[in-house]
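Everything below concerns the one structure shown next.
There are 2 protein chains.
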Amino acid sequence: MEHWDHVHALLLAGGKGTRFWPLSREDHPKQLLKLFSDRTLVEDTYSRIRPMVPNERVLVATSKGLATRLMALFPDIPEDNVIVEPLARNTAPCIAVSARRCLERDPDAILAVLPSDHFIADPNMFLEVLESATAHAARGEIVTLGITPTHPETGYGYIRFGEFEQEPENEEIRHRARRIQAFVEKPDHDTAMSYLKAGRYLWNSGIFVLRAATILDKVKLHLPGLARAVDELVEAEKAHKNAETLMRIWSDMPNISVDFGIMEKAEGIVVIPASFGWSDVGTWRALTSFPTDENENFVHGRVITVDSTGNVLYSSHGLLAALGLENMVVVVTRGAVLVCPADRTQEVRALVDELKIRDMTEYL
Amino acid sequence: MEHWDHVHALLLAGGKGTRFWPLSREDHPKQLLKLFSDRTLVEDTYSRIRPMVPNERVLVATSKGLATRLMALFPDIPEDNVIVEPLARNTAPCIAVSARRCLERDPDAILAVLPSDHFIADPNMFLEVLESATAHAARGEIVTLGITPTHPETGYGYIRFGEFEQEPENEEIRHRARRIQAFVEKPDHDTAMSYLKAGRYLWNSGIFVLRAATILDKVKLHLPGLARAVDELVEAEKAHKNAETLMRIWSDMPNISVDFGIMEKAEGIVVIPASFGWSDVGTWRALTSFPTDENENFVHGRVITVDSTGNVLYSSHGLLAALGLENMVVVVTRGAVLVCPADRTQEVRALVDELKIRDMTEYL
């Protein structure tokens, strides 16, 4: 429990993406969508950690274009806690910058790195696992949360785990970490099925818990250029340098993910197997795993169904009537409607590309 | 040719129906939809006969609720030519009333009875067949147009034809009529297939051509109650009786179709086999027979398709994006969207009933 006082939650809320078109648009990415409730996904993420983490220790990393809207969503989060990336630089830089900021406030700061556009079915279980993760992190381990697979998913990276870590000093750790044997790329279906049967593979959730001091050491070791840039940025900010200077420093940072730049290289990385009903909600199809009606449909908004099962039926504007549909995705928004089979939602990007080619930019 | 001078075109435009929901609504029936062009179906019907029939001889029979809108659509049709049925009484009464009106203007009047919500691909061929029909009608025959089947349609009534009528006096009759052996109910699929192979069956188009005097004789014979009511109505109108009186007379008329009340009973009915690309456009599915793009899709409005074939994709409001669809119907309107497989569009009525049950009357 004592560890919670050091925990800083970092919401990664800078993502773009068109896979949820037409609901997501260029200026309205997934984390701002209302998929599972009347709240946006980033609000859901915030609400999950708020029972244990006060606003003063919630950080939000985002892009210039989204910062104002996020600040409006979270008026109680101090403005200083919003890390605005003037240009997209993937996750390693913003985590390093956030870690530096936390370290200055608390030398024992623990960072919970939380993607802001995921779904978690059981928030209590999530906090329970997070608590165990903070206990591991306090000892200097870099903890990832790995999700026990429920089906042969081909859309996720996997983590192969090995033995238990050494016996924790704190016997209250309920969810014990395992050594990581390997990070594994997204598999094909047969491989995913073999992972599922093997029982030693977990989905890589992208959720990390680590001491700020630990991650900065790793950055120094594996991404020394980034470490220097972070130092420079902190100095520049203290000296109130202008936006151009800050922009120049950000643009010098390597455009690299924390997974690729640190996790897959570093020593002392562990994983806690968890089962709190997780999805990265990568495409519309992902919602079929979380049906909301008695016919296995995911339904949102004003929808009427007749003899329809296993569909995603989403309306943010007007009535959607589905008759005799199976495994389809139908999304109704104010200006645009998408209809496609659920197993082809990964091709929505191609459709958006087609809109660009045809110069139908009003729908992007 | 001389016969054209006697032809009065009667547009039957009183129909209701919800099979084209959500585009058709209770106050916006099929004949007012823009399916094949930027014009409504009733305008298409009007335009087809206008090359041969002047506005003075175009009559429109419709309901009280639709009269104003139809008059606005056809400002050049004399107001006297609009027959407003104060309550729905099917086709026999309005045809009889129209025939009476025409007869008073021209004792040799020929009536072309035209449903106003059908599709005809080849309007020139249609007029050519109509011309032959008027020549037959002038001799006192009641002529129906029968469509040579192109597929085993189960949604239409059929006409079995026999021998040719006697040699026409006018050798210019290009499309000669046949005796009718029987009117046949909508068949099941196997029966429809046997009709198609037999070559002696035609689709009953519901298009009739007949002398006004002839049909009134038949009405007197087969529906004497209607004949009396028509006489009474004409007298009442001449005497400028009030709306209540007229309403009472209309409500006394039998609620019966001309097919059932006259055609299937009368002598001297003939059929002209025709092939001008006809459909009664009974459901959304019917549109799949008239594809508009290179992938066999019927497309209307702002639609983008990727890898989609054999669909009906209709948008009257905003963009519709179809990805990987086959044999589906998607209809996007301002307040409501319908998605269903093409072979289930006959169940759209059930869906509309469901809306009524749920008291979602704003979508009816």
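Line order of the protein sequences matches chains A and B.
Taking numbering that gives the first Met the number 0, the leading residue of the first sequence gets 0, the next gets one more, and so forth.
Taking numbering that gives the first Met the number 0, the leading residue of the second sequence gets 0, the next gets one more, and so forth.
Where is the CB? At the ideal position from N, CA and C, for every residue including glycine.
The model shown is predicted, which means the values in this text are computed figures rather than measured ones.
- In this structure, DSSP gives GLU162(B) an extended state, which the three-state scheme calls strand.
- Close to ILE214(A), with beta-carbon spacing below 9 Å, lies no residue of chain B; the smallest spacing is near 41 Å.
- In this structure, the alpha-carbon of PRO186(B) lies about 20 Å from that of LYS264(B).
- Interface flag for PRO290(B) against chain A is unset, since no Cβ pair is found closer than 8 Å.
- Residue contact with chain A for VAL41(B): absent (no Cβ-Cβ distance below 8 Å to any residue of chain A).
- For ALA181(B), DSSP records a beta bridge to ARG159(B).
- Residues of the region 339 to 355 of chain B with a Cβ closer than 8 Å to any Cβ of chain A, in chain order: CYS339, PRO340, ARG343, GLU346, VAL347, ALA349, LEU350, GLU353, LEU354.
- A direct Cα-to-Cα measurement between GLY64(A) and SER97(A) gives close to 19 Å.
- About 6 Å separates the CB atoms of ILE248(B) and ALA228(B); that is less than 8 Å, so the two are in contact.
- For VAL331(B), the C-beta contacts it makes with chain A under 7 Å involve VAL336, in order along the chain.
- Under the Cβ criterion of 8 Å, ALA321(A) is counted among the residues facing chain B.
- Bounds of the beta strand (DSSP E) holding ARG210(B) are 200 to 210.
- DSSP places MET246(B) in the uninterrupted alpha helix (DSSP H) bounded by 242 to 251.
- Against chain A, the beta carbon of VAL298(B) has no neighbour under 7 Å; the closest one sits roughly 13 Å away.
- Straight-line measurement puts the Cα of ILE356(B) at about 29 Å from the Cα of THR61(B).
- Within 8 Å of the CB of VAL305(A), the CB atoms of chain B belong to GLU346, ALA349, LEU350, GLU353, in sequence order along the chain.
- Identification of chain B residues near TYR313(A) by a Cβ-Cβ cut-off of 8 Å yields none; the smallest Cβ-Cβ distance measures about 11 Å.
- Annotation for THR133(B): the continuous alpha helix (DSSP H) segment containing it runs 122 to 137.
- Using beta-carbon distances, GLY317(A) counts as an interface residue toward chain B, with a partner under 8 Å.
- In terms of beta-carbon proximity, LEU324(A) lines the interface with chain B, with at least one pair separated by less than 8 Å.
- In the three-state reduction of the DSSP assignment, MET70(A) falls in the helix class, which pools H, G and I.
- For GLU84(B), the uninterrupted beta strand (DSSP E) segment begins and ends at 81 to 84.
- Under the DSSP definition of a beta bridge, ILE268(B) partners with ILE141(B).
- Boundaries for ALA12(A): no beta strand (DSSP E) harbours it, and the DSSP string shows neither H nor E there.
- With fewer than 16 neighbouring CB atoms inside 10 Å of its own CB, LEU220(B) falls in the exposed class.
- In the structure shown, LEU22(B) falls within a coil segment according to DSSP collapsed to helix, strand and coil.
- By the Cβ criterion, the region 138 to 148 of chain A is in contact with the region 266 to 280 of chain A, since at least three pairs of Cβ atoms, one from each stretch, lie closer than 8 Å.
- For TYR362(A), the nearest CB of chain B lies under 8 Å from its own CB, placing it at the interface with that chain.
- For MET327(A), the enclosing beta strand (DSSP E) begins and ends at 327 to 331.
- Shown here, PRO92(A) sits in a helix according to DSSP, grouped into three states.
- The beta-carbon separation of THR282(A) and ASN294(A), rounded to 21 Å, does not stay under the 8 Å limit for a contact.
- In the DSSP secondary-structure assignment, ILE303(B) is bridged to ALA320(B).
- Counting only the Cα atoms, VAL59(B) lies some 6 Å from LEU11(B).
- Counting the other CB atoms within 10 Å of its CB gives ASN296(A) a total of 16 or more, which places it among the buried residues.
- For ILE109(B), no alpha helix (DSSP H) encloses it; the enclosing beta strand (DSSP E) starts and ends at 109 to 114.
- Of the candidates GLN30(B), SER256(B), ASP306(B), ASP306(B) places its Cα closest to the Cα of GLU325(B).
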